[in-house]
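Chains as they are written, first to last, in the numbering used here: chain A, 1 to 307; chain B, 308 to 529.
Note that CB positions come from ideal geometry on N, CA and C, so glycine has one too.
Note that the structure is predicted; figures quoted are calculated from it, not measured.
First comes the structure, then the notes that go with it.
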């Protein structure tokens, strides 16, 4: 074991792991964090805490993560390279680890253009691949990015994102290989709706033996409404929602659409469970956390193992 | 070249309106090539200002000058005989030119008439695009001749990010994804494998982060 991470233990045991996410509130109410995380208790192995997602200011990922840790649950500290330079990121990593956070996800982050501070400076001192390298170096060599020794280094279980649906597609396996080379321990993918394309990507992943070097958690986001399906298809960069999914959502009356969305999510999980190299699932139920237990129950992913 | 665009008329008018005698100075280099502040633009701006103030019932004296190179003290010296006759200087050069005038004529207010925009290249007639951020440690040799620092919206050194769609950047369908361009070029060069080489975190000391930069060539310095 490289770390004390519960997620690492579950993955190492060979069981399918389950993570979910919790977007911190746009304000200082800790109850909001506890409420969302509470819905996931007993259902997931770790809870991702997003870092100013969609470039909107929210409670910091580490602070919300600590609130979750205090509940006896396991947060995954998400960190984007957009908002902080390498000094600030390393400081936050040490701080989070000192309070018991041992798992993190390295991202570049959405461009400020998409958020409510489009006038903000875009930092990107380092990128997501270099962030992986930095956290791994802190753990494995006990050194800061700048080269000096760390007194009691943070031992993070290091995650990264992969989007099998972005362009150019032919590059997507190589990009995963690059993140593996940088030292990523686990991968959480973009939401999967185009299962055929995902399976093609996984085939490429297996050909390179990458599934044996990194744990891949397949990303699942239940769709609430036909409108949401259309929005994701047309407006969200790097998202691949096939027409068949949109049509299926449109084919049922509005009040039954949430149910249909859950059904699609469960069917996707069932199919992806059979894909060699898929080590678990990352359920991103955006502002719909209360449905996560139901999805997992129906997918046969409960109860969670005690590692 | 350094590109620039003229400031909005209202902003220029607000700067010069307290003065009666304006020395309007263009530059024959970059801003002339990108049609922002050369001889022609100086004449156009001069007429526009004259017209504006005439309508206001105010007479304003504008002397037009276009220097060979406004960022060079040798050429800026040519303004010395005209300074006594001017209450303020309006410069159509890039920020380097404006500052060269401000440094030489310390007691004369100098206003920029253009917004200095970027270091870029001409794509076609009337279109210029950013190409370089002057980071001081060029990576073009390993990125297929396309700069991710200047051309990727997130300046990723190990792109593309997950927002690359059909060759375009997630921020705007009119912006090329720099990493798609890099990938295409590496393929054309038969260097696909290079995309998997991790480019290490950059040392930004050679860029603006190391403080204001200066080049001293001992062999040339007087």
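N-terminal and C-terminal residue of the alpha helix (DSSP H) that residue 490/B is part of: 485-495
- request: Round the Cβ separation of residue 506/B and residue 447/B to the nearest angstrom and send it over; I've been treating them as touching at under 8 Å.
  value: 12 Å between Cβ atoms; not a contact.
message: Three Cβ pairs or more, each shorter than 8 Å: is that satisfied between the segment 125-134 of chain A and the segment 143-162 of chain A?
response: yes
- request: Evaluate the contact criterion for the segment 335-345 of chain B versus the segment 372-386 of chain B: three or more CB pairs, one atom per stretch, below 8 Å.
  value: yes
task: Pick out whichever of 360/B, 347/B and 404/B has its Cα sitting closest to the Cα of residue 319/B.
output: 360/B
- request: Output the distance between the C-alpha atoms of residue 457/B and residue 441/B, rounded to the nearest integer angstrom.
  value: 9 Å
task: Closer than 7 Å, Cβ to Cβ, to anything on chain A: give me those residues from the segment 468-495 of chain B, in chain order.
output: 468, 469, 470, 471, 472, 473, 474, 477, 478, 487 and 490
- prompt: Are the beta-carbon atoms of residue 303/A and residue 9/A separated by less than 8 Å?
  reply: no
- prompt: Per DSSP, residue 412/B forms a beta bridge with which residues?
  reply: The partner list for residue 412/B (beta bridge, DSSP) is empty, contrary to what the question assumes.
task: Mind listing the chain B neighbours of residue 154/A? Cutoff is C-beta to C-beta under 9 Å, in chain order.
output: Correct list: empty, because the minimum Cβ distance to chain B is about 18 Å.
task: Out of 6/A, 178/A and 220/A, state which residue places its alpha-carbon closest to the alpha-carbon of residue 205/A.
output: 178/A
message: Using a Cβ-Cβ cutoff of less than 8 Å, which residues in the same chain neighbour residue 314/B once the five nearest sequence positions on both sides are dropped?
response: 419, 420, 421 and 422
message: Between residue 502/B and chain A, is any beta-carbon pair separated by less than 8 Å?
response: yes
message: Do residue 426/B and residue 414/B count as a contact pair if the criterion is CB distance below 8 Å?
response: no
message: Does any residue of chain A have a CB that is nearer than 8 Å to the CB of residue 528/B?
response: no
message: Given a cut-off of 8 Å on the beta-carbon distance, is the pair residue 588/B and residue 166/A in contact?
response: The structure shown does not extend to residue 588/B, since chain B is modelled only from 308 through 529, so no value can be given for it.
task: Mind checking the segment 432-462 of chain B against chain A and listing, in chain order, the residues whose C-beta falls within less than 8 Å of any C-beta there?
output: 460, 461 and 462
- prompt: Are residue 117/A and residue 57/A close, meaning C-beta to C-beta below 8 Å?
  reply: yes
- request: Compare the C-beta of residue 238/A with all C-beta atoms of chain B and state if any pair is closer than 8 Å.
  value: yes
- prompt: Going along the chain, which residues of its own chain have a beta-carbon closer than 6 Å to the beta-carbon of residue 460/B, five neighbours each way excluded?
  reply: 476 and 478
field: CB contact check: residue 140/A to chain B, cutoff 8 Å
entry: no
field: Any chain A beta carbon closer than 8 Å to residue 465/B
entry: yes
Cβ-based burial, residue 445/B [other Cβ within 10 Å; buried from 16]: exposed
- prompt: By the criterion of Cβ-Cβ separation under 9 Å, what are the contact partners of residue 161/A in chain B?
  reply: 469
message: Buried or exposed, going by whether 16 or more other CB atoms sit within 10 Å of the CB of residue 519/B?
response: exposed
Candidates 345/B, 350/B and 394/B: closest to residue 416/B by CA position: 394/B
Inter-residue spacing [alpha-carbon to alpha-carbon] between residue 33/A and residue 301/A: 24 Å
message: Taking the alpha-carbon of residue 69/A as reference, which of 240/A, 273/A, 6/A and 225/A has the nearest alpha-carbon?
response: 6/A
query: Who are the neighbours of residue 129/A on chain B, taking C-beta pairs under 7 Å?
result: 465 and 505
- request: Can you grab the Cα-Cα spacing for the pair residue 151/A / residue 96/A, in whole Å?
  value: 15 Å
query: Expressed to the nearest angstrom, what Euclidean distance is found between the alpha-carbon atoms of residue 587/B and residue 424/B?
result: Nothing about residue 587/B can be read from this structure; chain B reaches only from 308 to 529.
- request: Compare the C-beta of residue 125/A with all C-beta atoms of chain B and state if any pair is closer than 8 Å.
  value: yes
query: Going by the CB atoms, is the gap between residue 47/A and residue 13/A shorter than 8 Å?
result: no
task: In the DSSP assignment, find the alpha helix (DSSP H) that holds residue 322/B and state where it starts and stops.
output: 316-323
task: Check whether the segment 280-289 of chain A touches the segment 218-225 of chain A, counting contact only when three or more Cβ pairs, one atom from each stretch, lie closer than 8 Å.
output: yes
field: Assigned secondary structure, residue 166/A (DSSP; H/G/I helix, E/B strand, else coil)
entry: coil
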